[in-house]
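**Student:** If you're matching them up, the sequences are chains A and B in order.
Just so you know, we're using this note's numbering here: the first sequence kicks off at 1 and counts up by one.
Just so you know, we're using this note's numbering here: the second sequence kicks off at 1 and counts up by one.
Glycine included, each C-beta is placed from N, C-alpha and C at the ideal position.
Since this is a predicted model, take the numbers as computed values, not measurements.
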Amino acid sequence: MSLKILGSGRRRVGWLIGLGVLAVIAALVVRGHVVEAHLLRADPDAIAANAGLNRFAIHHGAPIFRARCASCHGDQGRGDPARGVPNLTDQDWLYGAGAVSDIERVVDYGIRAHTPKTWNMAVMPALATPNPGGEKGLQPLSPGDINDVIDFLLQVEHRPYDPAAAARGQVIYSTRGACYDCHSADAAGDAAIGAPNLADHIWLYGDGSRASIFQSIAHGHQGVCPAWLKILSPAKIREVAVYVHSLSAGRALRPRFGD
Amino acid sequence: MAIETVAAASDWRDIRKVSPRRSLVLMALGAIIGLGVAGYALFTAKGTSTLVVPPEDVALVNQQPISRSDFLIQLQTLFTVDLAHSTAAERQKVLNDMIREELFVQRAKELDVAGIDPDVRAAMVNAVEQEIAADAITSRPSEDKLRAFYKANVARYASEGTITVRDLVFPAGQAAQAASALKTGASPDSVLTRFGGHDSQRTKDEEFYFAAKIHLGDRDFAVARALIDGGVSAPLAEADGTHLLYVIKNKPPVPMDFAQAREQVLTDYRDDAVRRLRIGDEAFFRKRANILIAKDLKP
C-alpha cells in the first residue's frame, strides 16, 4: 500500500511518528493486560519467586496502597500502635502467615467489615464492663484480676513481674478470664482467628506498658479493615497484596500449611 | 494524468474538498475500530456471553463467575493446603463442589426459594443489612468528623471508676458509735470487734463501679460513691441490721481526652453511620417500591 495517503515530506513524518506513538501505547496497554492476566492466574504464593511478575505487581500495587491503605497504615506501612493499626513491615502477622494469599484475603473481605467472608472470628472483650462476653456468658474481671493477668503476661514475656500475682493471673487467664480461648494456652496467639501473640514483645495496641495492657483488657478491641472486593478490581487487589507482602520482605514467622 | 494525481492528493489533504479516497479510508478505519470495540465488549463486558474464562476466575457457570480467590480459600478450608501443595484431585474436588453449589444456587433462584423459605429470606435480609454496614466501614471518617462526634458525645468517654469499700453490719443501736470510731481513724476490724459487728462480704477488694453497684445495690452504691477515701456513711437500716459503708479508696471515672477515646469514638461513629445508613436505605426502598396495603390494615 502506498504511503501517499500520509502526504509527503514533514507531514508524512508527522503521521508516522503519531502512528508509532499510538502503536507503542497500544502495545503497552496490551502487554499490561497480558501481564495482569498472568498475575491473576499465578499461584499468589509463588509470585515472589517470579521476578518479572513480582516487580510488575509491586510497581502497580504501591500507588494503590498509598491511595487506599496508607491513610491508616501510613505511607511506609508501619502502622500505628496508638490506634491499633498493625505494622505491615515486620514479620508478625495477625491474620494468616503473611503469605500473599493471606494478605489478599484480608484485602478482599476485610476484617470485621460486615461482608459475609470477612475475618470476624474473635473480638477482644471489654472485661471491665458488666457484660463483657455477650452471649458467651463471660464474666467481668476486677481491677485486681486484671493486674494479676498483666503480671502473668509480663512473666510470659520475661519481663519483671510479681510471682504471686502472676500465678493468680495464670489461673484467671486459663479459666474465668477465658484469655486462653483465643490467645492459646501459651499466649502465642492464633493467626487463624487474628488473636495476637502476647509473648513476642510486639503490641498491636499501645506500648506494652502495664497501663496500656490494662486498657486493652478493660476496654477491649475490635479493629476494622474495610473490604475492597467490590471497589478494586481483582488485578489491583492482587497487586496491592503483593506490594504489602514485599514490605516485610516476605519473611513469615509462622509456619505455612504443609511446612 | 500527472495533473489529476496532484489534484487527488490535494483533495485528500484539503478537508474542504470532497475526496472519495479519504472517505473510503476513514470509513474502513471506522469499521475496523467499531469491530474492535464490539469484539472487546463481546468477550469482556458483563451481561454478555463469553467463551473465555477471565483470569480472575476459575470457571463460569452459565456466565456466573467462580472467583479464583474463593477457590483458593475453599481449597485451604477443605484440605488445609495452599495451591502449591495441593494435588490435582484436591483441586478438582473443590472446583466440582463450587460448580455444584453455583448450579444449585441458580436453580434456587429459578424456583424462587426466597419466596417460600424463611431461612433464605432471613439470610437475604441479613446480607443486605451487612452490605449497607460494609459501605459505612469502607468510608473512613476524617479526624475532624471524629472530633466533632467526640465533642457531641463527650459524656460517653470516661474511664470506669473503681472503689474499695467495706460493708459493715452492726446490731441496732451500735452503728452510730461505730461510725464515730471509724471517723476517728480506728481500723474497721477493731471497730467490728468492739461493737459486735460483722462484714457482710458483699464487696471484696477493689471493684469497678458497675460491679460495686451490682453487689451493694443502687441505694448503697450511690451512698458509697459519694464518699472520699476513708469516708464513712451514715447508718443505713436494713433487714439484717444497721450497715455502715467504709470507703478505703474511691477513684471516680476520669473523662478521656480524644486521643485516649479515639478507638471507641471511631467504633461509635461507625455504628452510628451504619444505623443512619440502614434507616436511609430502608426509606429509599420504601420510596421506590409500589406497596399496596389492604384497606383493613391501612394506618
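Which ranges does the alpha helix (DSSP H) cover as unbroken runs of at least 4 residues, wholly within the region 160–205 of chain B, from first to last along the chain?
**Tutor:** DSSP runs (the alpha helix (DSSP H)) wholly in the region 160–205 of chain B: 175–183 and 188–195.
**Student:** Please state whether the Cβ-Cβ distance between residue 169 of chain B and residue 242 of chain B is less than 9 Å.
**Tutor:** The count along the second sequence starts at 1 and reaches residue 169 of chain B at position 169. The count along the second sequence starts at 1 and reaches residue 242 of chain B at position 242. The answer is yes: Cβ separation under 9 Å.
**Student:** Compare the C-beta of residue 292 of chain B against all C-beta atoms of chain A and say whether one is closer than 9 Å.
**Tutor:** For the purposes of this step, residue 292 of chain B is taken as residue 292 along the second sequence, with counting starting at 1. Not one chain A Cβ lies under 9 Å of residue 292 of chain B.
**Student:** State yes or no: is the beta carbon of residue 114 of chain B nearer than 9 Å to at least one beta carbon in chain A?
**Tutor:** Here residue 114 of chain B corresponds to residue number 114 of the second sequence, with the count starting at 1. Output row for residue 114 of chain B: interface = no.
**Student:** Could you please tell me which residues of the region 77–103 of chain B, in chain order, have their CB closer than 8 Å to any CB of chain A?
**Tutor:** Going along the region 77–103 of chain B in chain order, one finds 80, 81, 82, 83, 84 and 85 with a Cβ nearer than 8 Å to chain A.
**Student:** According to DSSP, is residue 239 of chain A helix, strand or coil?
**Tutor:** Taking the first sequence and counting its residues from 1, the one referred to as residue 239 of chain A is at position 239. In this structure, residue 239 of chain A counts as helix in the three-state DSSP scheme.
**Student:** Measure the alpha-carbon distance for residue 176 of chain B versus residue 161 of chain B and round it to whole angstroms.
**Tutor:** Counted from its first residue, the second sequence places residue 176 of chain B at position 176. Counted from its first residue, the second sequence places residue 161 of chain B at position 161. One C-alpha to the other measures close to 29 Å.
**Student:** Taking the alpha-carbon of residue 75 of chain B as reference, which of B/65, B/64, B/63 and B/58 has the nearest alpha-carbon?
**Tutor:** Mapped onto the second sequence, residue 75 of chain B falls at position 75. Taking only the C-alpha atoms, the option nearest residue 75 of chain B is B/58.
**Student:** By Cβ distance below 7 Å, which residues in the same chain neighbour residue 266 of chain B in space, the five residues on each side in sequence not counted?
**Tutor:** Here residue 266 of chain B refers to the residue found at position 266 of the second sequence. Same-chain partners within the cutoff: 146.
**Student:** By alpha-carbon positions, which one of B/196, B/84 and B/247 ends up nearest to residue 221 of chain B?
**Tutor:** Your numbering for residue 221 of chain B matches position 221 in the second sequence. Of the candidates B/196, B/84 and B/247, the one whose C-alpha sits nearest the C-alpha of residue 221 of chain B is B/247.
**Student:** Would you tell me roughly how many angstroms separate the C-alpha atoms of residue 53 of chain A and residue 269 of chain B, rounded to the nearest one?
**Tutor:** On the first sequence, residue 53 of chain A is found 53 positions in, with the first residue counted as 1. On the second sequence, residue 269 of chain B is found 269 positions in, with the first residue counted as 1. So the alpha carbons of these two residues sit roughly 41 Å apart.
**Student:** Any chance the region 220–236 of chain B sits against the region 58–75 of chain A, with 3 or more Cβ pairs inside 8 Å?
**Tutor:** Verdict: no, contact absent.
**Student:** If I measure Cβ to Cβ from residue 79 of chain A and keep anything under 6 Å in the same chain, skipping five residues before and after, which residues do I get?
**Tutor:** By 1-based counting over the first sequence, the position of residue 79 of chain A is 79. These residues qualify, in order along the chain: 73, 85, 86 and 87.
**Student:** Rounded to whole angstroms, what's the CA-CA distance from residue 20 of chain A to residue 12 of chain A? Just pull it up for me.
**Tutor:** Your numbering for residue 20 of chain A matches position 20 in the first sequence. Your numbering for residue 12 of chain A matches position 12 in the first sequence. Each residue's Cα considered, the two are about 12 Å apart.
**Student:** Output yes if chain A places a C-beta closer than 9 Å to the C-beta of residue 285 of chain B; else output no.
**Tutor:** Here residue 285 of chain B corresponds to residue number 285 of the second sequence, with the count starting at 1. No, residue 285 of chain B does not count as interfacial toward chain A.
**Student:** Suppose the cutoff is 7 Å on Cβ atoms and the five residues either side in sequence are ignored; what does the same chain contact list for residue 227 of chain A look like?
**Tutor:** As a working mapping, residue 227 of chain A is identified with position 227 in the first sequence. Only 108, 109, 110, 113, 115 and 118 meet the Cβ criterion.
**Student:** Secondary structure at residue 73 of chain A, three-state DSSP: helix, strand or coil?
**Tutor:** Counting from one through the first sequence, the residue named residue 73 of chain A turns up at place 73. In this structure, residue 73 of chain A counts as helix in the three-state DSSP scheme.
**Student:** Should residue 30 of chain A go down as buried or exposed, given a rule of 16 or more other Cβ atoms within 10 Å for buried?
**Tutor:** Residue numbering aside, residue 30 of chain A sits at position 30 when the first sequence is read from its first letter. So residue 30 of chain A counts as exposed.
**Student:** From this set, A/140, A/101, A/179 and A/38, which residue's C-alpha is nearest residue 122 of chain A's C-alpha?
**Tutor:** Along the first sequence, one-based indexing puts residue 122 of chain A at 122. Residue A/179 is the option with its Cα nearest to residue 122 of chain A.
**Student:** Counting C-beta neighbours from all protein chains within 10 Å, is the total for residue 256 of chain B 16 or more, i.e. buried, or is it exposed?
**Tutor:** The residue labelled residue 256 of chain B in the question sits at position 256 within the second sequence. By the 10 Å Cβ count, residue 256 of chain B comes out buried.
**Student:** Give the straight-line distance between the Cα atoms of residue 253 of chain A and residue 97 of chain A, rounded to the nearest whole angstrom.
**Tutor:** The sequence position of residue 253 of chain A within the first sequence is 253, counting from 1. The sequence position of residue 97 of chain A within the first sequence is 97, counting from 1. Low per-residue confidence applies at residue 253 of chain A: pLDDT is 46, beneath 50, and the placement is therefore not dependable, though the value from the model is reported in the following sentence. Residue 253 of chain A and residue 97 of chain A: Cα-Cα distance of roughly 7 Å.
**Student:** Of all the residues that make up the region 48–78 of chain B, which are near chain A by a beta-carbon distance shorter than 9 Å?
**Tutor:** Answer in chain order: 54, 55, 56, 57, 67, 68, 69, 70, 72, 73 and 76.
**Student:** Identify the residues that DSSP records as bridge partners of residue 179 of chain A: which are they?
**Tutor:** What you label residue 179 of chain A is simply residue 179 of the first sequence in a count that begins at 1. The partner list for residue 179 of chain A (beta bridge, DSSP) is empty, contrary to what the question assumes.
**Student:** Check whether the Cβ atoms of residue 178 of chain B and residue 253 of chain B sit closer than 9 Å, and answer yes or no.
**Tutor:** Here residue 178 of chain B corresponds to residue number 178 of the second sequence, with the count starting at 1. Here residue 253 of chain B corresponds to residue number 253 of the second sequence, with the count starting at 1. Contact: no.
**Student:** Listed in chain order, which residues of the region 125–141 of chain B have Cβ atoms closer than 7 Å to some Cβ of chain D?
**Tutor:** The structure shown contains no chain D; its protein chains are A and B.
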